[in-house]
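Under this note's numbering, the letters of the sequence shown match residues 543 to 817, in that order. Built from N, CA and C at the ideal position, the CB exists for glycine as well. Predicted, not measured: the structure shown is a model, and the values here were computed from it. These notes concern the structure reproduced below.
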Amino acid sequence: MGQLRDRMDGDLRLRGLSEMTRTEYLRCAAHFAAYYRVSPGQLGAEDVRSYLLHLVEEQHFSPSNMKIHIAAIKFLFSVTLNRPEVVDRVRFPKVPQKLLDIPSPTEVAAVLSELTSPVYRTLLFCAYGSGLRVSEACNLCVGDIDSKRMVIIVRNGKGGRDRYAMLSPILLDSLRTFYREVRPPQPYLFQGKVAGKPIPVEGVQTARKPADFRVRREAMYIRDRDDAEYCLPTCGTLSRRSLAGLTLFASRECAESCGLRPCTTCRPDLHPLPR
């Protein structure tokens, strides 16, 4: 997109949008331009409609994913290109309101216990214990922990808003222990490998996924790699070398519906997991 991309980036900055939002809008606009291989300034309302239909019918984008693409295209035409009539009739899709999968305290404790790094363990404890987003926990500074009022000051959260979060006595004790042991340099409580920069969100998510997988694995039936059998988590035939090679099943019915048969070693059909 060249100069048009730079102009759109400037418009996004003038609106005061976050870096993550700017990155997503620019990515979606670039995807739109790459689809037609021409400048968006040469495209019209029918082109926008055809592109959105392509995302829904051929790419099978979810409503939430469609929402960010539509928002980016509407901003591109309405603000940067000053052609709002192109996207006037484009509406946002209805996003289904689903119940959140909230882990129980026992499940949270199990995941935290699987993390060996005190930095990741304490950071996720803050996120779970105070209801913070991972990005908010990553950007916590030492001075944001207010032990007198028992609150955590969350700065520049979603939408650039500051807010207070609850600080429980147990979390405060954990943070004090972490501070005594690690002695993180100022200003960030959880500093990354780059001095003066917080730990990246991607690193936390990467560290959490294997721990979450191991915890869930203990309560589900498993197929190892491409085997035709499903096993109990304690089966000695399972390979422990690669988490990525395991497939989890919530019930024996799910495993058998995929054409798998019970393992002849651990016999999950005779010794089912407690529900």
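Checklist entry - Ends of the beta strand (DSSP E) at Ile694? => result 693-696 is the span of the beta strand (DSSP E), which, as asked, contains Ile694.
Checklist entry - How big is the Cα-Cα spacing for Pro635 and Pro711? => result Each residue's alpha carbon lies about 43 angstroms from the other.
Item to check | Contact belief for Leu618 with Pro582 at Cβ below 8 angstroms, rounded distance in angstroms | outcome: Their Cβ separation, rounded to whole angstroms, is 6 angstroms, which keeps Leu618 and Pro582 in contact under 8 angstroms.
Checklist entry - For Cys773, does the three-state DSSP call read helix, strand or coil? => result For Cys773, the secondary structure class from DSSP, reduced to helix, strand or coil, is strand.
Next on the checklist: Please classify Pro804 as buried or exposed, where buried requires at least 16 other C-beta atoms within 10 Å of its C-beta.
Outcome noted: So Pro804 counts as buried.
Checklist entry - Candidates Val650, Val676, Gln584: which alpha carbon is nearest Gln747's? => result Taking each of Val650, Val676, Gln584 in turn and checking the Cα distance to Gln747, the smallest one comes out for Val676.
Next on the checklist: Can you give me the C-alpha to C-alpha distance between Pro814 and Gln733, rounded to a whole angstrom?
Outcome noted: Rounded to whole angstroms, Pro814 to Gln733 spans 45 angstroms at the Cα level.
Item to check | Backbone CA spacing between Glu627 and Glu561 [nearest angstrom] | outcome: If you take the alpha carbons of Glu627 and Glu561, they lie about 28 angstroms apart.
Checklist entry - Can you tell me the Cα-Cα spacing of Asp548 and Val693, whole angstroms? => result Taking the Cα positions, Asp548 is about 41 angstroms away from Val693.
Item to check | For Arg663 and Leu654, believed in contact at Cβ under 8 angstroms, the rounded distance | outcome: Correct: roughly 5 angstroms between the Cβ atoms.
Checklist entry - Rounded to the nearest angstrom, how far is the Cβ of Leu731 from that of Ala770, given a contact under 8 angstroms? => result Contact doesn't hold; Cβ gap of about 49 angstroms is too wide.
Checklist entry - Tell me which same chain residues have a C-beta within less than 7 angstroms of the C-beta of Ser620, skipping the five on either side of it? => result Correct list, in chain order: Pro626, Val629.
Item to check | Backbone secondary structure at Met550 - three-state DSSP | outcome: In the displayed model, Met550 falls within a helix according to three-state DSSP.
Next on the checklist: Can you check which of these residues, Gly552, Leu559, Asp551, Met550, is closest to Lys700 by C-alpha distance?
Outcome noted: Distances from the CA of Lys700 to each of Gly552, Leu559, Asp551, Met550 were compared; the closest alpha carbon is that of Leu559.
Next on the checklist: Using only CA atoms, which one of Ile610, Cys808, Tyr567, Glu795 lies nearest to Arg633?
Outcome noted: When each option's Cα is compared against that of Arg633, the closest is Ile610.
Checklist entry - In whole angstroms, what separates the C-alpha of Pro810 from that of Arg765? => result When only Cα atoms are considered, Pro810 and Arg765 end up about 12 angstroms apart.
Next on the checklist: Quick check on this structure: which residue in Cys777, Leu709, Pro638 has the alpha carbon closest to the alpha carbon of Arg691?
Outcome noted: Nearest C-alpha to Arg691: Leu709.
Item to check | Own chain residues within Cβ distance below 7 angstroms of Arg783, not counting five before or after | outcome: In this prediction, Arg783 has a pLDDT of 46, which is less than 50 and means its spatial position is unreliable; nothing more can be read from the coordinates.
Item to check | CB of Phe574 within 7 angstroms of CB of Ile615, strictly | outcome: In this structure, Ile615 lies closer than 7 angstroms to Phe574 by Cβ.
Checklist entry - Mind checking if Val621 is an interface residue toward chain C, Cβ cutoff 7 angstroms exclusive? => result The question asks about chain C, but that chain is absent: this structure has only one protein chain.
Next on the checklist: Does Ile520 come out as helix, strand or coil in the three-state DSSP assignment?
Outcome noted: Outside the modelled stretch of the chain, which goes from 543 to 817, sits residue 520, for which no answer is possible.
Next on the checklist: At the level of alpha carbons, what is the spacing between Leu717 and Arg697?
Outcome noted: Rounded to whole angstroms, Leu717 to Arg697 spans 18 angstroms at the Cα level.
Next on the checklist: Once the 5 residues before and after Thr789 are set aside, which same chain residues still bring their CB inside 6 angstroms of it?
Outcome noted: If we look at Thr789 and ignore the five residues flanking it on each side, its Cβ neighbours are Arg765.
Checklist entry - Using DSSP with H/G/I as helix, E/B as strand and the rest coil, what is Ile687? => result Strand at Ile687.
Item to check | Span separating the alpha-carbon of Gly738 from that of Pro727 | outcome: Going from the Cα of Gly738 to the Cα of Pro727 covers about 8 angstroms.
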